[in-house]
Amino acid sequence: HADTAMYAAKQNGRNGSYFFNEKLSAALLERLLIKNQLNNALPENQLVVYYQPKCCAHTQSILGLEALIRWQHPTDGLISPTRFIDQAEDSGLIIDIGLWVLAQACHQGYQWQQQGILKGNISVNISPLQLSQPTIVEDIALILQQSQFPAHMLELEITESLLITDIKAAKAVLFQLKQLKVRIALDDFGKGYSSLNYLTQFPLDTLKIDKAFIHSMLPIETSNIVLKNIIKLGNELQLDVIAEGVETHAQLVKLRHYQCKIVQGFLFGPALNALATQSLLKQSYIMNDKLELANPTG
Ligand code: C2E
Ligand code: MG
Ligand code: MG
Ligand code: MG
Numbered sequence: 307h308a309d310t311a312m313y314a315a316k317q318n319g320r321n322g323s324y325f326f327n328e329k330l331s332a333a334l335l336e337r338l339l340i341k342n343q344l345n346n347a348l349p350e351n352q353l354v355v356y357y358q359p360k361c362c363a364h365t366q367s368i369l370g371l372e373a374l375i376r377w378q379h380p381t382d383g384l385i386s387p388t389r390f391i392d393q394a395e396d397s398g399l400i401i402d403i404g405l406w407v408l409a410q411a412c413h414q415g416y417q418w419q420q421q422g423i424l425k426g427n428i429s430v431n432i433s434p435l436q437l438s439q440p441t442i443v444e445d446i447a448l449i450l451q452q453s454q455f456p457a458h459m460l461e462l463e464i465t466e467s468l469l470i471t472d473i474k475a476a477k478a479v480l481f482q483l484k485q486l487k488v489r490i491a492l493d494d495f496g497k498g499y500s501s502l503n504y505l506t507q508f509p510l511d512t513l514k515i516d517k518a519f520i521h522s523m524l525p526i527e528t529s530n531i532v533l534k535n536i537i538k539l540g541n542e543l544q545l546d547v548i549a550e551g552v553e554t555h556a557q558l559v560k561l562r563h564y565q566c567k568i569v570q571g572f573l574f575g576p577a578l579n580a581l582a583t584q585s586l587l588k589q590s591y592i593m594n595d596k597l598e599l600a601n602p603t604g
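Here you go:
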């Protein structure tokens, strides 16, 4: 397959297009391969849910977790969702995979809540295709019921691409989900065509600012005016504002200065498997307890 493309490129006689076609066919081949193998990932138990902490910008204690899928590939090792979520969306597999992630997160969340080590929410990314399924509200209600995880401890992370495609339908579903008492977060805010309208039109609880804003912060205050005012806007709308992709202490200091209350990023830790997350939660729980004992008023 790749050989034919290369042959065609050679016939073309230009070096540039030779390399272009070679690269293109390799990328295409990988996509096809992944799409094929992804069919077996769920039935063969190759998918895993990891959890990344969402932390208080001031005390750095864990306020909640984001569930992030990983694919334990039989030969390629642990694969990041950036390499397969698009294909899962294209093929429709994301519908089953997404429900599976939700169920995993809720069952796990229930256990951690029972153990007294999870205080905040667990957020789960929901793809546009998933949310457009006519049974999505029932499906989520059933998962909550079966897992016994309290609805207010589940947060659904949606992206604005979903809101754009069909505003009326999106609104209806989100309001139905709010009736279940689940929380709604707008993810990757500022990445696409973010309309400020979304912030008041939809029943949101949380605003997650895209990591691109955090990574492009500069020492000069005027370069950060947009970021600073998105945080301000979110705070005034009484949304939980989360900065994503916080990697350095300097970024944390600035974000605190801009009144950002919740932070997520490698500075506080990457996504970990359930077992490692459980130890982290236990540790953090003990630390918080000590903090409270040492400072009974705070
Ligand atoms: P997202 O929802 O924006 O998730 C945050 C991503 O940023 C995660 O990538 C996380 O590992 C990464 N991240 C966290 N801290 C840092 C940091 O300090 N620096 C940088 N550069 N990155 C950081 P991940 O796990 O590879 O997931 C990528 C995307 O795949 C997610 O972006 C989300 O859109 C999608 N995804 C992940 N799990 C699911 C899922 O279960 N369902 C659906 N539909 N999408 C998912
Ligand atoms: Mg997310
Ligand atoms: Mg997301
Ligand atoms: Mg995001």
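Numbering (UniProt numbering), first residue to last: 307 to 604.
Virtual Cβ for every residue (Gly too), placed ideally from N, Cα, C.
Give me, in chain order, the residues of the same chain whose beta-carbon lies closer than 7 Å to that of glycine 404; leave out the 5 immediate sequence neighbours on both sides.
For the purposes of this step, residue 404 is taken as the residue at position 98 of the sequence shown. For glycine 404, where only same-chain residues beyond five positions count, the Cβ hits under 7 Å are Ile432, Ser433 and Gln436.
Pull every residue with its beta-carbon under 6 Å away from any heavy atom of ligand 2, and keep them in chain order.
Here the residues come out as Glu372, Asn431, Glu463 and Asp493.
Excluding sequence positions up to five away, which residues of its chain have a Cβ less than 8 Å from the Cβ of serine 367?
Residue 367 sits at position 61 when you count from the first residue of the sequence shown. Cβ within range, chain order: Cys361, Ser590, Met593, Asn594 and Leu597.
So threonine 506 is in the alpha helix (DSSP H); what residue range does that whole segment cover?
Walking along the sequence shown from the start, residue 506 turns up at place 200. It spans 504–507 - the alpha helix (DSSP H) in which threonine 506 sits, taken as one unbroken run.
Starting from the C-beta of leucine 480, find all residues in its chain whose C-beta is less than 7 Å away, skip the five residues before and the five after it, and write them out in chain order.
Counting from 1 along the sequence shown, the entry for residue 480 is found at position 174. Within the same chain, leucine 480 has close Cβ partners Ile490, Phe508 and Pro509.
Could you give the distance in angstroms between the alpha-carbon of isoleucine 531 and the alpha-carbon of valine 430?
Walking along the sequence shown from the start, residue 531 turns up at place 225. Walking along the sequence shown from the start, residue 430 turns up at place 124. Between isoleucine 531 and valine 430, the C-alpha separation is close to 30 Å.
Just checking tyrosine 583 against ligand 3 - is the residue's beta carbon closer than 7 Å to any of the ligand's heavy atoms?
The sequence position of residue 583 within the sequence shown is 277, counting from 1. For the record, residue 583 in the displayed sequence is threonine; it is not tyrosine. Incorrect: threonine 583 has no Cβ contact closer than 7 Å to ligand 3.
With a threshold of 8 Å between beta carbons, is leucine 335 in contact with chain B?
Structure shown: chain B not included; a single protein chain is present.
Here's a check: name, in chain order, each residue in its chain whose Cβ is nearer than 6 Å to the Cβ of isoleucine 449, leaving out the five neighbours to either side.
In the sequence shown, residue 449 corresponds to position 143, counting from 1. Same-chain partners within the cutoff: Leu408, Ala409 and Cys412.
At which residues does the alpha helix (DSSP H) containing valine 443 begin and terminate?
Counting from 1 along the sequence shown, the entry for residue 443 is found at position 137. Looking at the DSSP string, the run of the alpha helix (DSSP H) that includes valine 443 is 442–453.
Taking the beta carbon of valine 488 as the centre, do at least 16 other beta carbons fall within 10 Å, making it buried, or is it exposed?
Here residue 488 corresponds to residue number 182 of the sequence shown, with the count starting at 1. With 16 or more Cβ atoms within 10 Å of its Cβ, valine 488 is classed as buried.
Based on the DSSP secondary-structure assignment, which residues constitute the bridge partners of glycine 571?
Along the sequence shown, one-based indexing puts residue 571 at 265. Paired residues: none, contrary to the question.
Checking the sheet assignment: what are the DSSP bridge partners for isoleucine 490?
Counting from one through the sequence shown, the residue named residue 490 turns up at place 184. Its beta-bridge partners are Leu462.
Could you pull out every residue in the same chain whose Cβ sits closer than 7 Å to the Cβ of leucine 424, ignoring the five residues on either side in sequence?
In the sequence shown, residue 424 corresponds to position 118, counting from 1. Cβ within range, chain order: Gly415, Trp418 and Leu587.
Taking 8 Å as the cut-off, decide whether the C-beta atoms of lysine 538 and glutamine 557 are in contact.
Locating residue 538 in the sequence shown gives position 232, counting from the first residue. Locating residue 557 in the sequence shown gives position 251, counting from the first residue. Contact flag unset, no.
Which residue marks the beginning of the alpha helix (DSSP H) containing glutamate 542, and which one marks its end?
Here residue 542 corresponds to residue number 236 of the sequence shown, with the count starting at 1. Looking at the DSSP string, the run of the alpha helix (DSSP H) that includes glutamate 542 is 531–542.
Glycine 571 and glutamate 550 look like a contact to me (Cβ under 8 Å); what is the Cβ gap, rounded to whole Å?
Your numbering for residue 571 matches position 265 in the sequence shown. Your numbering for residue 550 matches position 244 in the sequence shown. So it is a contact: roughly 7 Å between Cβ atoms.
How should aspartate 309 be labelled, buried or exposed, when 16 other C-beta atoms within 10 angstroms of its C-beta is the threshold for buried?
For this step, residue 309 is matched to residue 3 along the sequence shown. Residue placement at aspartate 309 cannot be trusted, given a pLDDT of 47 that sits under 50; what the coordinates show is reported in the next sentence. Looking at its Cβ environment, which holds fewer than 16 other Cβ atoms inside 10 Å, aspartate 309 is exposed.
Please list the segments of the beta strand (DSSP E) lying wholly inside the stretch 333–410, counting only runs of 3 or more residues, in order along the chain.
If we require 3 residues or more, the beta strand (DSSP E) runs fully inside the stretch 333–410 come out as 353–362, 368–379 and 383–385.
Identify whether isoleucine 428 lies in helix, strand or coil by the three-state DSSP scheme.
Taking the sequence shown and counting its residues from 1, one reaches residue 428 at position 122. Three-state DSSP puts isoleucine 428 in a strand.
Is the closest heavy atom of ligand 1 to the C-beta of serine 386 under 7 Å?
Locating residue 386 in the sequence shown gives position 80, counting from the first residue. Result yes, Cβ under 7 Å from ligand 1.
Within 10 Å of its beta-carbon, does isoleucine 515 have 16 or more other beta-carbons around it, so buried, or fewer, so exposed?
The sequence position of residue 515 within the sequence shown is 209, counting from 1. Burial call: buried.
Just reading off the alpha helix (DSSP H) that isoleucine 526 is part of, what are its end residues?
Along the sequence shown, read from residue 1 onward, the residue named residue 526 stands at position 220. Element bounds for isoleucine 526: n/a, residue is neither H nor E.
How many angstroms separate the CA atom of leucine 460 from the CA atom of isoleucine 442?
As a working note, residue 460 is residue 154 in the sequence shown. As a working note, residue 442 is residue 136 in the sequence shown. Cα-Cα distance, rounded: 15 Å.
Between which residues of its own chain and lysine 484 is the CB-CB distance below 6 Å, once the five residues before and five after are set aside?
Taking the sequence shown and counting its residues from 1, one reaches residue 484 at position 178. Excluding positions up to five away in sequence, the list reads Pro509.
How about glutamate 372 and tyrosine 357: are their beta carbons less than 8 Å apart?
Numbered from 1 along the sequence shown, position 66 holds the residue referred to as residue 372. Numbered from 1 along the sequence shown, position 51 holds the residue referred to as residue 357. For glutamate 372 and tyrosine 357, yes; Cβs fall inside 8 Å.
Under the criterion of a Cβ to heavy atom distance below 7 Å, does glutamate 550 qualify as lining ligand 4?
In the sequence shown, residue 550 corresponds to position 244, counting from 1. Glutamate 550 Cβ: within cutoff of ligand 4.
At a threshold of 7 Å, does isoleucine 471 count as lining ligand 3 (C-beta to nearest heavy atom)?
The residue labelled residue 471 in the question sits at position 165 within the sequence shown. A small fix is needed here, since residue 471 is threonine in this sequence, not isoleucine. Every heavy atom of ligand 3 is 7 Å or more from the Cβ of threonine 471, so no.
Between serine 522 and glycine 498, how many whole angstroms is the CB-CB distance? I'm expecting something under 8 Å.
Here the question's residue 522 lines up with position 216 in the sequence shown. Here the question's residue 498 lines up with position 192 in the sequence shown. Not confirmed; about 16 Å, so no contact.
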